[in-house]
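The structure appears right after this line, and notes come after that.
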Amino acid sequence: MALKIALFGITRDIVGQPTLEMPTPAPATVGALLDYLRAQYPALGQLRSCAVAVNSEYAPAEQAIGSNDEIALIPPVAGG
Amino acid sequence: MALKIALFGITRDIVGQPTLEMPTPAPATVGALLDYLRAQYPALGQLRSCAVAVNSEYAPAEQAIGSNDEIALIPPVAGG
Amino acid sequence: MTPHLSITDQPIDVAAALAAVQTDAAGAVNSFIGTVRNQSGGRRVRRLHYESYDSMALTQLGHVVAQACERWPMLQEVAVVHRKGTLSLGDVAVVVAVATPHRAESFAACQFIIDTLKQVVTIWKREEYEDGTEWVAAHP
Amino acid sequence: MTPHLSITDQPIDVAAALAAVQTDAAGAVNSFIGTVRNQSGGRRVRRLHYESYDSMALTQLGHVVAQACERWPMLQEVAVVHRKGTLSLGDVAVVVAVATPHRAESFAACQFIIDTLKQVVTIWKREEYEDGTEWVAAHP
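Chains as they are written, first to last, in our numbering: chain A, 4 to 83; chain B, 4 to 83; chain C, 3 to 142; chain D, 3 to 142.
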C-alpha cells in the first residue's frame with residue numbers, strides 16, 4: 004500500500020490537493036520525507052515552519068515511517 | 004440634625020444595631036470619630052482594620068466631617 | 003467606555019455579563035467567576051451571606067475599573083456583577099468580564115479587577131458552617 | 003480529571019462550557035473566549051475560516067491539559083471548545099474554561115492552556131479581507 008500524506012492549510016494550497024501519495028519506495032524517515040517534499044514543492048521551504056505528524060504526534064526528523072502510520076504535514080498552526 | 008453612622012458586617016454585630024447616632028457635638032474629624040467609637044466599643048479595635056467612609060469614599064483620619072455627610076464604618080471587606 | 007457594574011440579590015446571569023462585553027473590535031474576553039465553595043480554611047461551608055453597602059460598592063468598583071483603564075488603555079469593555087444575600091454551594095458570587103483586542107491584556111486586566119475588588123469594594127461575607135458562622139477576614 | 007475537549011463546526015455554547023467546569027469543590031472559574039475581530043494587522047477582516055486536523059488537535063489538546071495539570075495540581079476541571087469552518091465577525095472561535103479552588107491558579111492555568119494551544123494544536127486560520135485571503139502565521 005502506498006504511503007499517503009495528509010495536507011492541511013497552506014500546504015494543501017501549495018500542493019494543490021488534500022492528500023499526496025508517495026512514490027515507492029517511500030521515504031523511510033520524517034527527515035527524508037521533508038527533504039523529498041521540499042524538493043518537489045519549493046514553496047514549502049518558504050513557510051515559517053513545516054512539521055510532520057506521525058499518528059497525531061509531532062515527529063522528529065530521525066523517526067522512522069511505517070507503512071501503516073498516519074502521516075500529515077503540519078504548517079504553522081493558528082488556532083485560538 | 005444628629006450625625007448618624009451606618010454600620011455593616013461585623014461592626015453592626017459589635018454595636019448591635021445598623022446605625023449609630025453620635026452625641027452632640029459630634030466628632031469633627033474621621034480620626035476623632037474612630038477614637039470615640041473604639042473607646043465605646045473596644046471590640047472594634049480587635050478587627051484587622053476599620054476604616055471610615057465619607058460619602059462613599061475611604062476617608063483619611065484628618066478629614067473633617069460635615070453634618071450632611073454620609074458616614075459609614077467599614078470593617079475588613081470580603082467580596083468576591 | 004461605560005462599564006456594566008451591578009450588585010444584585012438575584013442569581014447572576016453569567017451569559018448576560020459575557021454578552022455585555024463582547025464587541026467586534028475586541029477579540030479577547032477573559033472572565034472570572036467566583037462560586038461558593040463547599041469548604042473554607044478546612045471547615046465545611048453550608049451557605050454564604052453577602053452584605054453590601056451598595057452605593058459605596060458601586061463607587062469603589064467604578065474606581066477599580068478606571069484604574070484598570072489607565073493601566074490597560076486597550077481595555078474596551080468591562081462588566082462586574084456581584085451577588086448579595088444568601089447563597090448556596092455552587093452559586094455564582096461574582097463575575098468579572100473584560101474585553102480587549104489582545105489576549106494577554108484581557109487576563110491581566112481581569113485579574114487586576116477581581117484582586118482589587120476584593121481589597122476595596124464594600125461587600126462583606128459571612129460563612130455559615132455546620133457549627134456556627136463567621137465574618138470572613140474580620141480578625142487578624 | 004477528564005477534560006471536556008471538542009472541535010466543532012457548530013456555534014459554541016459558552017454557557018455549557020462554563021457549566022461543564024463548575025463544581026462545589028472549586029470556587030474559581032477563569033475563562034478565555036476568543037472571538038472574531040473586525041481587523042487583523044491593520045486589515046479589515048470580513049470572515050474567518052478555520053481548518054482542523056481533528057484527531058491530532060484533540061490529542062495535542064489532551065497533552066496541553068495534562069501539562070497544565072502537572073504545573074497546577076489543584077486544577078479540577080478544564081473545558082476547551084474550538085470552532086472550525088466559516089466564522090463571521092463576533093463569532094466565538096474558542097473557549098477555554100478552568101476551575102480551581104483558588105483564584106490566582108485559575109488565571110495562570112487558563113492562560114497557559116490558551117497560549118500553548120496556539121502553539122501546538124493543529125488548527126489553521128484563513129482570514130478573509132476585502133481584497134483577498136491569507137493563511138495566518140504561515141510565512142515569516
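Heads up, the beta-carbon is just placed ideally off N, CA and C, and yes, glycines get one too.
For residue 44 of chain B, which residues from the same chain have a beta carbon less than 7 angstroms from its beta carbon, with the 5 sequence-adjacent residues on both sides left out? 17 and 18
Uninterrupted beta strand (DSSP E) stretches inside the segment 36 to 77 of chain D (no shorter than 3 residues): 45 to 54
Which partner residues of residue 24 of chain A appear in the DSSP bridge assignment? A:7
Take the Cβ of residue 58 of chain D as the centre, count every other Cβ of all protein chains shown within 10 Å, and call the residue buried at 16 or more, exposed below. buried
Below 8 angstroms on C-beta distance, what does residue 80 of chain A contact in chain D? 120, 121, 122, 123, 124, 125, 126 and 139
Below 6 angstroms CB to CB, which residues in the same chain sit around residue 5 of chain C once its five sequence neighbours on both sides are set aside? 67 and 80
Starting from residue 59 of chain B, find everything on chain C with Cβ-Cβ shorter than 7 angstroms and list it in chain order. 57, 58 and 61
Who are residue 32 of chain C's beta bridge partners in DSSP? C:100 and D:34
Host alpha helix (DSSP H) of residue 20 of chain D (start-end): 16 to 23
Using a Cβ-Cβ distance cut-off of 7 angstroms, determine whether residue 23 of chain B contacts chain C. no
For residue 116 of chain D, which residues in chain C fall below 8 angstroms Cβ to Cβ? 105
Measuring only the C-alpha atoms, how far is residue 73 of chain A from residue 43 of chain D? 36 angstroms
Taking C-beta to C-beta, are residue 76 of chain D and residue 107 of chain D nearer than 7 angstroms? yes
Counting only Cβ pairs nearer than 7 angstroms, list the residues of chain C close to residue 2 of chain B. There is no way to answer for residue 2 of chain B, as the model of chain B reaches only from 4 to 83.
Could you tell me whether any Cβ in chain A is nearer than 7 angstroms to the Cβ of residue 136 of chain D? no
With residue 76 of chain A as the anchor, note down where its beta strand (DSSP E) starts and where it stops. 74 to 77
Kindly list the residues whose CB is nearer than 6 angstroms to the CB of residue 15 of chain A, restricted to its own chain and excluding five residues on each side of it in sequence; keep chain order. 21
Given a limit of 7 angstroms on CB to CB distance, which residues of the segment 63 to 78 of chain A reach chain D? 75, 77 and 78
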